[in-house]
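Visitor: Input: one structure, supplied below.
Residue numbers (my numbering), protein chains in the order written: chain X, 1 to 108; chain R, 1 to 384.
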């Protein structure tokens, strides 16, 4: 079992967190999110991202607005809601604790 | 010339080739089933349609107005399978969440729209996962594939050669995506077989009534059987004297292995020819006509090999019966031949390793070429 494979479930679970982080920085549309993720281990596809975003919207973490585009029909630009911002803060805290533990455990 | 179908994706019209349209419809249908029970299903579907439309637009130009099938499949591959676990999560509750990883994997391996590719599959493998991978690709039980390989090895000596060639050529499915692709199904071998069968029954139905149909089938089978029996009898009775070793000659002890070696040499030459055609697009350096697709050349080579092999096989049989052998001992001869085969194979492999390391590189490029050939045949099948 390769390292990549062992982390499949973790990558999948972290995707929502990363999407929150990306959307927090600026209003983006799906292709932007995919482009940013594609440079990392978290590279994913529309088939995964659209259902995820719709779930996040249902949970009230993100919202979108339609914006005209110069090439083609209007696009959905996503932004964080207040609840999403709060969740991102909590997750960042939690992640900080986890990565601290990963770093420190087992060291003398 | 292919028929074009105009479709509407998110309010814009696109023109697709018919086969591409089928692929797109299959993708969207799978997406719709996957999203069953998701409250935002319609919205996600329209988002996906629009995203596909955007990918299509990027492939069009002012003089290029039609999306060809290859571009549709490429766009769909970029989209990736619809993975929606929110519905399952909400209904199944906390218990399943602890098993998220295996569940996710099962979903990936069962996914219907990842392009299916030939990989060696390690889960449940016995040697190197070749049979397992083939079974995944064609949707058979791996045990049958293994039995097939063993039978091929015993009666022909070929199974083991094919097996180790595939160990070298076929990549191992390592990442979860590759594993999913090993089982994925947009191009279904079963579908191919189903269509072939449907065609067969269709033509069978053309017979006026069932009785005549059965009668025709029976006669056809009988004729085939009779032809084979008479061929064998012919071999035993007459051909022995015509093709067999002259009386007082070196006899079966020498002639049979010689003939086997000859057949083996031809087989190896044939394999090299196929490798050369597939890997470099030339037949031992001689360029092929541009209009002839590679897969057609391979088919012709296979036919030519069959035709070339036949007289040697007949001569070997004749030689054997001339020596006074019986039907049951023939299997033993085949087994001996398998040994000769293996020896030749060993020599070939050692030569290959010593003199032609670049052959291995060519072999590594094979899967892509094979895939292209499969795609070509599929396109042809769909448009035909």
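Ideal Cβ placement from N, Cα and C applies to all residues, glycine included.
1) Can you list, in chain order, the residues of the region 13-36 of chain X whose Cβ is nearer than 7 Å to any Cβ on chain R?
2) Between the Cα of residue 74/R and those of 381/R, 300/R, 375/R and 36/R, spot the shortest distance and give me the residue it belongs to.
3) What is the DSSP secondary structure of residue 32/X, reduced to helix, strand or coil?
4) Under DSSP, the beta strand (DSSP E) around residue 76/X begins and ends at which residues?
5) Go through its chain and collect everything with a Cβ distance to residue 104/X's Cβ below 8 Å, but skip five positions before and after it.
6) I'd like the ranges of any beta strand (DSSP E) spanning at least 3 consecutive residues and lying wholly in the region 6-33 of chain R.
7) Hey, is residue 89/X's beta-carbon within less than 9 Å of any beta-carbon in chain R?
8) 9 Å is my cut-off, CB to CB: does residue 45/X come that close to chain R?
9) Under a three-way DSSP split, which group does residue 266/R fall into?
10) Measure the beta-carbon distance from residue 51/R to residue 46/X and round it to whole angstroms, keeping in mind my assumption that it falls under 8 Å.
11) Name the DSSP bridge partner or partners of residue 134/R?
12) Who are the neighbours of residue 29/R on chain X, taking C-beta pairs under 9 Å?
13) In or out: residue 62/X buried (at least 16 other Cβ within 10 Å) or exposed?
14) Kindly give me the distance between the Cβ atoms of residue 147/R and residue 338/R, rounded to whole angstroms, as I take these residues to be in contact under 8 Å.
15) Might you give, ordered along the chain, the residues of its own chain that have their beta carbon closer than 6 Å to the beta carbon of residue 82/R, omitting 5 neighbours on each side?
16) Have a look at residue 24/X and residue 80/X and give me their C-alpha separation to the nearest angstrom.
17) Rounded to a whole number of angstroms, what is the C-alpha to C-alpha distance between residue 28/R and residue 313/R?
18) Since residue 84/R meets chain X, which of its residues come closer than 7 Å, beta carbon to beta carbon?
19) I'd like to know whether the C-beta atoms of residue 8/R and residue 18/R end up nearer to each other than 9 Å.
20) Name the residue from 143/R, 79/R and 276/R whose alpha carbon lies nearest to the alpha carbon of residue 53/R.
21) Report the three-state DSSP secondary structure of residue 70/X (helix, strand or coil).
22) Quick one: residues in its chain with C-beta nearer than 8 Å to the C-beta of residue 110/R, no 5 flanking neighbours on either side, listed in chain order?
23) Using a Cβ-based criterion (distance less than 8 Å to any ligand heavy atom), does residue 350/R qualify as near the ligand SAH?
24) Against chain R, with Cβ distances strictly below 9 Å, would residue 72/X count as a contact?
25) Excluding sequence positions up to five away, which residues of its chain have a Cβ less than 7 Å from the Cβ of residue 43/X?
26) Which residues of the region 7-40 of chain R have a Cβ closer than 8 Å to any Cβ of chain X? Give them in chain order.
Guide: Walking through what the data contain:
1) 30
2) In the second chain, the residue the question calls residue 74/R occupies position 74. Of the candidates 381/R, 300/R, 375/R and 36/R, the one whose C-alpha sits nearest the C-alpha of residue 74/R is 375/R.
3) As a working note, residue 32/X is residue 32 in the first chain. Note: residue 32/X maps to helix in three-state DSSP.
4) By one-based count along the first chain, residue 76/X stands at place 76. 75-80 is the span of the beta strand (DSSP E), which, as asked, contains residue 76/X.
5) Residue 104/X sits at position 104 when you count from the first residue of the first chain. Once the five neighbours on either side are set aside, residue 104/X has no close Cβ partner at all.
6) 12-17
7) Here residue 89/X corresponds to residue number 89 of the first chain, with the count starting at 1. Residue 89/X does not count as touching chain R.
8) In the first chain, counting from the first residue as 1, residue 45/X sits at position 45. It does; some Cβ of chain R falls within 9 Å.
9) Position 266 of the second chain holds residue 266/R. It is helical.
10) Here residue 51/R corresponds to residue number 51 of the second chain, with the count starting at 1. Here residue 46/X corresponds to residue number 46 of the first chain, with the count starting at 1. Between residue 46/X and residue 51/R the Cβ distance is about 5 Å, and since that is below 8 Å, they are a contact.
11) For the purposes of this step, residue 134/R is taken as residue 134 along the second chain, with counting starting at 1. Bridge partners of residue 134/R: none, in fact.
12) If you number the second chain from 1, residue 29/R lands on position 29. Those do not exist, as residue 29/R stays about 14 Å from chain X at its closest Cβ, beyond 9 Å.
13) Locating residue 62/X in the first chain gives position 62, where the first residue counts as 1. Looking at its Cβ environment, which holds 16 or more other Cβ atoms inside 10 Å, residue 62/X is buried.
14) In the second chain, counting from the first residue as 1, residue 147/R sits at position 147. In the second chain, counting from the first residue as 1, residue 338/R sits at position 338. With a Cβ gap of about 17 Å, residue 147/R and residue 338/R do not count as contacting.
15) What you label residue 82/R is simply residue 82 of the second chain in a count that begins at 1. So the qualifying residues of the chain are 31 and 34.
16) As a first step, residue 24/X is located in the first chain; it is residue number 24 there, counting from the start. As a first step, residue 80/X is located in the first chain; it is residue number 80 there, counting from the start. When rounded, the distance between both Cα atoms is 6 Å.
17) By one-based count along the second chain, residue 28/R stands at place 28. By one-based count along the second chain, residue 313/R stands at place 313. Each residue's alpha carbon lies about 53 Å from the other.
18) As a working note, residue 84/R is residue 84 in the second chain. Simply 51.
19) Indexing the second chain from 1 puts residue 8/R at position 8. Indexing the second chain from 1 puts residue 18/R at position 18. The answer is no: Cβ separation not under 9 Å.
20) For the purposes of this step, residue 53/R is taken as residue 53 along the second chain, with counting starting at 1. Nearest of 143/R, 79/R and 276/R to residue 53/R, Cα basis: 79/R.
21) Sequence index remark: in the first chain, residue 70/X carries index 70 (1-based). DSSP places residue 70/X in coil when its eight states are reduced to three.
22) Translated into positions along the second chain, residue 110/R becomes position 110. Confidence is the limiting factor: at residue 110/R the pLDDT is only 40, short of 50, which leaves the residue's position unreliable and the question unanswerable from this model.
23) In the structure shown, the ligand SAH is absent, as is every other ligand, since no ligand is present at all.
24) Taking the first chain and counting its residues from 1, the one referred to as residue 72/X is at position 72. Answer yes: the Cβ-Cβ gap between residue 72/X and chain R drops below 9 Å somewhere.
25) Here residue 43/X refers to the residue found at position 43 of the first chain. These residues qualify, in order along the chain: 37.
26) 10, 11, 12, 31, 35, 38, 39 and 40
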